[in-house]
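Step one of this worksheet: look at the structure below.
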Amino acid sequence: LDMEFDLDPSFINTKYECLRPTTLESKYNQCLVELLEVIEHARELNGEERNALSYRHAIAALKAYPRNIESYVEARKIIGIGLKIGNHIKEFLTTGTILEAEEIITSEKYQILDSFSRVYGVGYKTALKWYQRGYRCIRECMKDPYLTHVQRLGLELFDDFQKKMSRQDIQEILDILDKTIKTIYPDCIITPVGGYRRGKEFNGDLDVVVSHPQETVTNNLLKDVVEKLIDNGYLKHKLFYGQSSAKNKKDASSELLSSHKNVMDNLDKCFCAFIQPSTQICRQVDLIIAPYSQYPTAVLGWTGSKQFERSLRNYAKKERKMTFASHGLFLNVIPRRRVCVTSEREVFDILGISWVEPEMRNC
Ligand code: CTP
Ligand code: MN
Ligand code: MN
136 LDMEFDLDPS FINTKYECLR PTTLESKYNQ CLVELLEVIE HARELNGEER
186 NALSYRHAIA ALKAYPRNIE SYVEARKIIG IGLKIGNHIK EFLTTGTILE
236 AEEIITSEKY QILDSFSRVY GVGYKTALKW YQRGYRCIRE CMKDPYLTHV
286 QRLGLELFDD FQKKMSRQDI QEILDILDKT IKTIYPDCII TPVGGYRRGK
336 EFNGDLDVVV SHPQETVTNN LLKDVVEKLI DNGYLKHKLF YGQSSAKNKK
386 DASSELLSSH KNVMDNLDKC FCAFIQPSTQ ICRQVDLIIA PYSQYPTAVL
436 GWTGSKQFER SLRNYAKKER KMTFASHGLF LNVIPRRRVC VTSEREVFDI
486 LGISWVEPEM RNC
């Protein structure tokens with residue numbers, strides 16, 4: 136048996152999540168994973184981003200770990216599990232739970248901050264601000280005199296946006312997008328990405344990359360598609376419209392983008408509130424437009440998970456002296472040089488990473 140243990144391929148124990156397959160749930164350590172996720176989220180809500188990140192690494196490592204963890208010593212051999220998280224695991228192995236996580240879950244402040252942070256366009260800073268102003272529920276936040284346009288929409292659409300979409304719900308919306316877009320541009324390529332592509336049964340939103348084999352067609356694609364969707368009565372609100380590139384960086388009102396500062400790309404995009412006909416529920420749909428030459432990186436960059444993308448960017452930068460972004464792969468020479476790619480697989484090949492199926496990118 137020990138033999139088998141030692142034969143684990145070394146790529147499983149790595150600081151780069153993108154080098155190993157990770158399923159949606161751990162077959163072995165899911166209970167532990169869920170307790171650590173609570174602590175991770177609490178750190179995030181507390182603005183302790185660095186600390187949260189170290190939990191995310193540990194959680195990803197545990198999700199990918201191929202057997203039940205049975206001892207502290209065993210846990211500490213895993214890259215990403217240091218003293219602190221090791222001690223949580225020790226507690227878990229002896230008591231069956233982690234007291235700190237249990238306390239967080241039952242804390243009223245955590246529950247409120249958590250619900251505020253689920254409002255579209257709201258990050259931990261705004262959530263905390265609302266809490267400090269004495270608001271304790273979504274209804275009270277709506278009376279805040281300083282709401283941005285997107286925050287107001289986020290609050291109004293809160294109940295709808297909280298409702299998860301089944302894969303069938305998503306298929307319904309995809310069919311509409313497909314029909315609508317193809318009436319204008321029959322040769323468009325419409326690719327669902329995000330959690331849906333990673334095989335999640337229920338999704339909070341739908342992310343879609345739209346491209347076209349003719350490079351110049353994408354110039355007006357976003358405008359044309361959005362117009363058509365509005366005309367047809369599907370698109371109710373634009374939550375974001377444009378490019379989340381450097382030129383929008385100063386738009387401080389948008390926590391939406393600042394919370395994604397390391398995943399900014401300069402692809403055209405529209406984050407929409409979309410009416411699903413069969414349920415009349417307002418759904419969150421992220422439309423991303425990619426010129427054909429950037430289609431492979433756009434699909435790879437928007438499939439996620441966030442942790443997978445983060446590790447991919449880090450790996451490219453630190454191990455390959457390259458930059459990976461949804462709008463392209465670049466060589467970090469001066470001046471920066473674009474590396475042309477024709478498929479998602481080719482990006483893995485160039486980076487020297489084994490192919491990871493989308494369903495295995497759930498770190
Ligand atoms: N992403 C991005 N830029 C953004 C927002 C998201 O590049 N401004 C990427 C994220 O890195 C993620 C993917 O697009 O990998 C999908 O983002 P999101 O919809 O937020 O997450 P999902 O993994 O789809 O999870 P969920 O089911 O909650 O939507
Ligand atoms: Mn998504
Ligand atoms: Mn999204």
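Residue numbers (the UniProt record's numbering): 136 to 498. Where a beta carbon is used, it is the ideal one built from N, C-alpha and C, also for glycine.
From residue i to residue j, what distance separates their C-alpha atoms?
i: K363; j: L171; result: 44 Å
i: T414; j: K298; result: 11 Å
i: V352; j: A236; result: 51 Å
i: T283; j: I488; result: 42 Å
i: G289; j: S206; result: 45 Å
i: R185; j: F251; result: 21 Å
i: L167; j: L188; result: 17 Å
i: C475; j: R302; result: 33 Å
i: I239; j: I319; result: 51 Å
i: L234; j: F483; result: 41 Å
i: H347; j: P321; result: 9 Å
i: F146; j: D359; result: 45 Å
i: W265; j: C407; result: 25 Å
i: G377; j: N355; result: 12 Å
i: N449; j: S440; result: 14 Å
i: R191; j: L228; result: 20 Å
i: R271; j: S428; result: 48 Å
i: N338; j: V328; result: 11 Å
i: K456; j: G368; result: 47 Å
i: Y200; j: I365; result: 46 Å
i: residue 502; j: R332; result: Lying outside 136 to 498, the shown extent of the chain, residue 502 is not represented and no answer is given.
i: I485; j: A451; result: 10 Å
i: G334; j: D310; result: 18 Å
i: L370; j: L292; result: 13 Å
i: T149; j: G231; result: 27 Å
i: E494; j: H372; result: 31 Å
i: L312; j: F296; result: 19 Å
In the DSSP assignment, what residue or residues form a beta bridge with residue i?
i: I410; result: C417
i: A460; result: G463
i: S346; result: I324, A425
i: N338; result: M300
i: K404; result: G377, I423
i: T157; result: R496
Can you look up residue i in the DSSP assignment and give me helix, strand or coil?
i: Y376; result: strand
i: A236; result: helix
i: R473; result: strand
i: residue 544; result: Because residue 544 is not part of the residues shown, which for the chain are 136 to 498, the question remains open.
i: L228; result: helix
i: T283; result: coil
i: L312; result: helix
i: D386; result: Low per-residue confidence applies at D386: pLDDT is 47, beneath 50, and the placement is therefore not dependable enough to give any value.
i: L441; result: The sequence given here places Lys at residue 441; Leu does not occur at that position. Note: K441 maps to helix in three-state DSSP.
i: L292; result: coil
i: F146; result: helix
i: K371; result: strand
i: D484; result: helix
i: V360; result: helix
Beta-carbon separation of residue i and residue j under 9 Å?
i: T315; j: V344; result: no
i: Q411; j: E336; result: no
i: I273; j: V285; result: no
i: R445; j: T458; result: no
i: A195; j: I220; result: no
i: R418; j: D340; result: yes
i: E454; j: Y163; result: no
i: L180; j: Y259; result: yes
i: P156; j: E492; result: yes
i: T158; j: K212; result: no
i: D294; j: I423; result: no
i: C153; j: L466; result: no
i: V361; j: C405; result: yes
i: P431; j: E350; result: no
i: I214; j: I224; result: no
i: G256; j: L357; result: no
Can you have a look at residue i and say buried or exposed, based on whether 16 or more other CB atoms are within 10 angstroms of its CB?
i: G182; result: exposed
i: D304; result: buried
i: residue 135; result: With the chain running from 136 to 498 in the structure shown, residue 135 is simply not present.
i: L402; result: buried
i: D421; result: buried
i: Q267; result: exposed
i: L218; result: exposed
i: S478; result: exposed
i: G330; result: buried
i: L136; result: With a pLDDT of 43 at L136, under the threshold of 50, the predicted position of this residue should be treated as unreliable, and no value is reported.
i: I469; result: exposed
i: K160; result: Residue identity differs from the one stated: residue 160 is Glu in this sequence, not Lys. E160 should be labelled exposed.
i: V208; result: exposed
i: S242; result: exposed
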